[in-house]
Structure formats: C-alpha cells, structure tokens
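Structure first, commentary second.
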Amino acid sequence: MGETIRIIGIDPGLRRTGWGIVESLGNSLRFVAAGTVRSDDKAALAARLCQLHDGLAEVLHRAMPHEAAVEQTFVNKDASATLKLGQARGIAMLVPARAGLVVAEYAPNAVKKAVIGVGHGDKKQIHMMVKVLLPKAAFDTDDAADALAIAICHAHHRQSMAYRMAMAG
Numbered sequence: 017m018g019e020t021i022r023i024i025g026i027d028p029g030l031r032r033t034g035w036g037i038v039e040s041l042g043n044s045l046r047f048v049a050a051g052t053v054r055s056d057d058k059a060a061l062a063a064r065l066c067q068l069h070d071g072l073a074e075v076l077h078r079a080m081p082h083e084a085a086v087e088q089t090f091v092n093k094d095a096s097a098t099l100k101l102g103q104a105r106g107i108a109m110l111v112p113a114r115a116g117l118v119v120a121e122y123a124p125n126a127v128k129k130a131v132i133g134v135g136h137g138d139k140k141q142i143h144m145m146v147k148v149l150l151p152k153a154a155f156d157t158d159d160a161a162d163a164l165a166i167a168i169c170h171a172h173h174r175q176s177m178a179y180r181m182a183m184a185g
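Structural data, given as structure tokens:
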C-alpha cells in the first residue's frame, strides 16, 4: 500500500511562522502536530530571524518529517513588509533544506484550491476544511492552520506526481 510520509507545512512570517505536520498514506491524511514559532518584535531583524531559525530547527528535530512545503510569498503594497516576509520565508526554506528535506513551494491560490476546491477563499473556509480533512487537528493560531493547509496541499500534489510517475514507468 506504500509508506507513510510525514510532511511539514510552513506558513512563513516574521512575527509568527506557523507549522503543521501531517502523515500521508495513500489517500488518507493524519494530523500529527501544529504550532507557531514566534519572534520578539522588539528585537533586531537578525535576532528575530535567528529566533525563527532556532524554533523551526527544534520542530524539525522533534518531528522528523520526510518532506517540507512552504507557501510562496505574495507581493503586497508595502515593499518593506514584503522584503521582511521574504527573509522569513528564506529561513522557512533553509531550515528543512539544511535538514536534508526536499522543499516544495506552493502559491496561496494552489493551497486554497487543494483544501477548499477553489483558488479564492477566506481564512474561515480554509480552517473549516482543515478541520474536516483532519478532524483531530488542533492549532493555536491562524498561521498554524494555514501551515496545515500547506501540508495538505503538498500531500495532494505529491500523490498525483507519484501516480503520474508510476503510470509513466
């Protein structure tokens, strides 16, 4: 039937970076854990990035996922905020890559489409569907719920990619 794959989804942010872990076996998904790594908004940028790095590294060390998925950055009107988000996203990609994981990236619309069936929707819809797909899921912030949605998106995409490769082989 295959092997269980543990996936960490990461929703990067400088103030709060959400993480969510699921296990995927065939068509089934199982909630493992979710949480939020926070940085001190009074600290210097470099110190905040270190806090995010250290927090994510600890999560990966404890959870030992096999694959990682990170949400792609969207560009907003505030260039400074976009740049800071990009730096936090760099940490979110670096930590799993340094742990030897392949890191997939998904656009926000792709995550929404995978979880709620359409590319546009609000956070309430996403959180409701995360609870439907993972009834035992518990998350402390919107960021952790979004991270679970990213992990779900990756589980769906990796499954369809594996199926296409198996059929081609």
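For the sequence shown, the residue numbers in this note's numbering are 17 to 185.
For each residue, glycine too, the CB sits at the ideal point set by N, CA and C.
Spatial neighbours of residue i in its chain, beta-carbon cut-off 7 Å, leaving aside the 5 residues before and after
i, result
"T157", "R32, G34, T52"
"G102", "T89"
"K152", "F47"
"R180", "Note that R180 has pLDDT 48, beneath the 50 cutoff, so the model's placement of it is unreliable and the number below is only indicative. Taken in chain order, the list of residues that qualify is empty."
Where residue i falls: helix, strand or coil (DSSP)
i, result
"E19", "coil"
"V148", "helix"
"R36", "Per the sequence presented here, residue 36 reads as Gly, with Arg not at that position. Correct three-state label for G36: strand."
"A8", "With the chain running from 17 to 185 in the structure shown, residue 8 is simply not present."
"D56", "coil"
"G29", "coil"
"A154", "coil"
"G51", "strand"
Own chain residues within Cβ distance below 6 Å of residue i, not counting five before or after
i, result
"F155", "A50, A161"
"R54", "R32"
Chain D within 9 Å of residue i, Cβ atoms only
i, result
"G18", "Any reference to chain D falls outside this structure, which holds one protein chain only."
Rounded Cβ spacing between residue i and residue j (contact assumed at less than 8 Å)
i, j, result
"L61", "A84", "In fact, because the Cβ distance is near 24 Å, the residues do not count as touching under 8 Å."
"K128", "I142", "7 Å"
Beta-carbon contacts of residue i that lie in its chain and below 8 Å, excluding the five residues immediately before and after
i, result
"D56", "A63, R64, Q67"
"V134", "K128"
Taking 8 Å as the threshold, find out whether the region 99–119 comes into contact with the region 62–71 through three or more Cβ pairs. yes
Length at least 4, wholly inside the region 86–140: the alpha helix (DSSP H) runs in chain order: 95–114, 124–132
At least 3 beta-carbon pairs within less than 8 Å: the region 117–132 vs the region 160–174: yes
Validate contact between the region 131–138 and the region 37–47 using beta carbons, cut 8 Å, 3 pairs: no
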